[in-house]
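Numbering (the working numbering), first residue to last: -13 to 289.
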Ligand SMILES: [Fe+2]
Ligand SMILES: [Fe+2]
C-alpha cells in the first residue's frame, strides 16, 4: 500500500461518516462499578438523560441498559473511565483504573496521556528490535521519529487533562520480555499498528473536526497528522516483516488483525460521556462503530 493511498483512505473514512449527535446505549463488558437507578416512566430517552446527569457530576457511564425495579422502570449504569483507543500499547503495559472523580474530558485526556506515554516505549522497543532484525535503516529511523512524536503527544494530552482538572496518569509496566522474533514483532504490529493505531489516527482526525474546544481541535489536528504517519509506518513495517515470514506466520498476522478489529468493535460499544463528545469531539459509540467499519472496508480487514 502506498502512503498517500492510506492518508487518502483515512480522510475518506472520516468524511464518509455522518456526525451523530447524542449518546446511545450500548452493550459491553469490563464492568467497573454498577448501579441501578429508578427513572420516571415518561422520561423519554432515559439513558441519554441519566448519562448526561452523571457526566455533569464528573462520572463516566460506560454502559447503560433499560432495566426494571419493583417501583417501575430503571436504568442500569456501569461506570468506569472512558475507553481510549489512541496509542500503540507495548506488550508489558498494565491496565489502568482511570482518573476517578475528574471531569470526563479531563479523565479522557489523563488516560490518553498514559497511552501516548506508553507509545514512546513501544516505538523505542520496536526501533531497537527492527534494527536487530536487519530492517532497512529508513524504517528504523521512522520508528525512532515516531517515539519522538509520542513524547510530544504525551505532553500535549497531559496539558489538556490538567486544563480539565485531571492529573495525567503515568503508564505502569509489568515485566518486559527479552528480544522477540521477527514473527512476534510482526504479530504485535499487525494488531497494535495496523488496526489500533490506524484507528487512533482516524479518531484524532475526527476530534480535530468535531471538538468544540478549539484548543483541543488544534491539538488533535497536529496529533492526527503524526498518527497518520504512524499508521503508514505500521503498514510499511507489516509489508517488510511479513514478507520475510512463512505462510503460516503470515496467516497468524492476518488473524491478529481480525482479532484486533473484533476487540476494537467491542470496546467501541462502551458509553461515552456527553462532554467528551461535545467538548473533545470524541466519537459516540455509533460513530466509533461506523469509523471502525469504514477502516475494515477500506483496508479489507475481516472481523
Ligand atoms: Fe500518539
Ligand atoms: Fe502514534
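By construction, the Cβ of each residue, glycine as well, lies at the ideal position given by its N, Cα and C atoms.
Could you check whether residue 73 and residue 117 sit closer than 8 Å to each other, using their CB atoms as the reference points? For this step, residue 117 is matched to residue 131 along the chain shown. For this step, residue 73 is matched to residue 87 along the chain shown. With a cutoff of 8 Å on beta-carbon distance, residue 117 and residue 73 are scored as not near each other.
Which one or two residues does DSSP pair with residue 95 in a beta bridge? Looking up residue 95 in the chain shown gives position 109. Per the DSSP secondary-structure output, residue 95 pairs with nothing in a beta bridge.
Since residue 192 contacts residue 125 with CB under 8 Å, what's their CB separation in whole angstroms? Here residue 192 is taken as the residue at index 206 of the chain shown, counted from 1. Here residue 125 is taken as the residue at index 139 of the chain shown, counted from 1. About 28 Å separates the beta carbons of residue 192 and residue 125, which is beyond the 8 Å limit, so they are not a contact pair.
Give a single yes or no on whether residue 102 has its beta carbon closer than 7 Å to a heavy atom of ligand 1. Start at 1 with the first residue of the chain shown, and residue 102 comes out as number 116. Yes.
Three-state secondary structure (DSSP) at residue 58? Within the chain shown, residue 58 is the residue found at index 72, counting from 1. Correct three-state label for residue 58: strand.
Would you tell me roughly how many angstroms separate the C-alpha atoms of residue -4 and residue 283, rounded to the nearest one? Along the chain shown, read from residue 1 onward, the residue named residue -4 stands at position 10. Along the chain shown, read from residue 1 onward, the residue named residue 283 stands at position 297. C-alpha separation (whole angstroms): 11 Å.
Assuming residue 188 contacts residue 146 (C-beta within less than 8 Å), just tell me the rounded distance between them. Translated into positions along the chain shown, residue 188 becomes position 202. Translated into positions along the chain shown, residue 146 becomes position 160. Contact doesn't hold; Cβ gap of about 19 Å is too wide.
Do residue 191 and ligand 2 come close, with the Cβ less than 7 Å from some heavy atom? On the chain shown, residue 191 is found 205 positions in, with the first residue counted as 1. It does not: the Cβ of residue 191 is nowhere closer than 7 Å to a heavy atom of ligand 2.
Using the C-alpha atoms, what's the distance from residue 165 back to residue 8? Within the chain shown, the letter at position 22 stands for residue 8. Within the chain shown, the letter at position 179 stands for residue 165. Unreliable positioning characterises residue 8 in this predicted model, as indicated by a pLDDT of 47, which lies under 50. The coordinate reading is nonetheless provided below. Residue 8 and residue 165 have their C-alpha atoms roughly 46 Å apart.
Contact check, residue 200 vs residue 250 under 8 Å by CB: the rounded distance? One-based indexing of the chain shown puts residue 200 at position 214. One-based indexing of the chain shown puts residue 250 at position 264. With a Cβ gap of about 29 Å, residue 200 and residue 250 do not count as contacting.
From 93, 151, 223, 161, residue whose alpha carbon lies closest to that of residue 113: The residue given as residue 113 occupies position 127 in the chain shown. Checking every option, the nearest Cα to that of residue 113 belongs to 223.
Candidates 256, 152, 274, 135: which alpha carbon is nearest residue 2's? Residue numbering aside, residue 2 sits at position 16 when the chain shown is read from its first letter. With respect to the C-alpha of residue 2, the residue from 256, 152, 274, 135 having the closest C-alpha is 274.
Considering just the uninterrupted stretch of the alpha helix (DSSP H) at residue 185, what are its terminal residues? Position 199 of the chain shown, counted from the start, is the residue given in the question as residue 185. That run of the alpha helix (DSSP H) goes 184 to 196.
Coarse secondary structure for residue 268, derived from DSSP in three states: Looking up residue 268 in the chain shown gives position 282. In the structure shown, the three-state DSSP call for residue 268 is coil.
Tell me whether residue 107 is buried or exposed, calling it buried when 16 or more other Cβ atoms sit within 10 Å of its Cβ. As a first step, residue 107 is located in the chain shown; it is residue number 121 there, counting from the start. Taking all protein chains in view, the Cβ of residue 107 is crowded by 16 or more other Cβ atoms within 10 Å, so the residue is classified as buried.
Are the Cβ atoms of residue 185 and residue 270 separated by less than 8 Å? Taking the first residue of the chain shown as 1, we reach residue 185 at position 199. Taking the first residue of the chain shown as 1, we reach residue 270 at position 284. Not a contact, by the Cβ cut-off of 8 Å.
Which residue comes first and which comes last in the alpha helix (DSSP H) that contains residue 212? Locating residue 212 in the chain shown gives position 226, where the first residue counts as 1. Start and end: 200 to 228.
Please return the same chain residues whose Cβ sits closer than 6 Å to the Cβ of residue 268, not counting the five positions on each side in sequence. The sequence position of residue 268 within the chain shown is 282, counting from 1. In the same chain as residue 268, and ignoring 5 residues on each side of it, the C-beta atoms closer than 6 Å to its own belong to 258, 262, in chain order.
Taking residue 135 as the reference, which of 219, 209, -7 has the closest Cα? For the purposes of this step, residue 135 is taken as the residue at position 149 of the chain shown. Distance from the Cα of residue 135 is smallest, within the candidate group 219, 209, -7, for 209.
Using the Cα positions of residue 218 and residue 153, report the straight-line distance between them to the nearest angstrom. One-based indexing of the chain shown puts residue 218 at position 232. One-based indexing of the chain shown puts residue 153 at position 167. Their backbone Cα atoms lie some 32 Å apart in a straight line.
Should residue 0 be labelled buried (16 or more other beta-carbon atoms within 10 Å of its own) or exposed? Position 14 of the chain shown, counted from the first residue, corresponds to residue 0. Buried, by the Cβ-count rule.
Which listed residue (111, 211, 138) has its alpha carbon closest to that of residue 315: The displayed coordinates of the chain run from -13 to 289. Any statement about residue 315 would go beyond what the structure contains.
May I ask you to check if the CB of residue 72 is nearer than 7 Å to at least one heavy atom of ligand 4? The model on display carries ligand 1 and ligand 2 but not ligand 4.
With a threshold of 7 Å on Cβ separation, who are the neighbours of residue 94 within its own chain once the five nearest residues in sequence on each side are excluded? Translated into positions along the chain shown, residue 94 becomes position 108. Closer than 7 Å at the Cβ level, and outside the excluded window around residue 94, lie 68, 70, 262, 266, 268.
Which runs of the alpha helix (DSSP H), 4 residues or longer, sit entirely within the stretch 231 to 284? The stretch 231 to 284 is shown to contain whole alpha helix (DSSP H) runs of 4 or more residues at 233 to 253, 260 to 264, 271 to 284, in chain order.
Limits of the alpha helix (DSSP H) - the one that residue 293 falls within: One cannot answer for residue 293 here, as it falls past the ends of the chain, which runs -13 to 289.
Assign residue 109 to buried or exposed, taking buried as 16 or more other Cβ atoms, counted over all protein chains shown, within 10 Å of its Cβ. The residue labelled residue 109 in the question sits at position 123 within the chain shown. Here residue 109 is buried, its C-beta having at least 16 other C-beta atoms within 10 Å.
Flag residue 135 as yes when its Cβ comes closer than 7 Å to any non-hydrogen atom of ligand 1, and as no otherwise. Within the chain shown, the letter at position 149 stands for residue 135. True, at least one ligand heavy atom lies under 7 Å from that Cβ.
Would you mind sorting residue 255 into buried or exposed? The rule is 16 or more other CB atoms within 10 Å of its CB. In the chain shown, residue 255 corresponds to position 269, counting from 1. It is buried - the Cβ of residue 255 has at least 16 other Cβ atoms within 10 Å.
Buried or exposed for residue 80, please, with buried defined as at least 16 other CB atoms from any protein chain shown within 10 angstroms of its CB. If you number the chain shown from 1, residue 80 lands on position 94. It counts as exposed.
Determine, using beta carbons only, whether residue 99 and residue 171 come nearer to each other than 8 Å. The residue labelled residue 99 in the question sits at position 113 within the chain shown. The residue labelled residue 171 in the question sits at position 185 within the chain shown. Annotated as distal: residue 99 and residue 171, with beta-carbon spacing of 8 Å or more.
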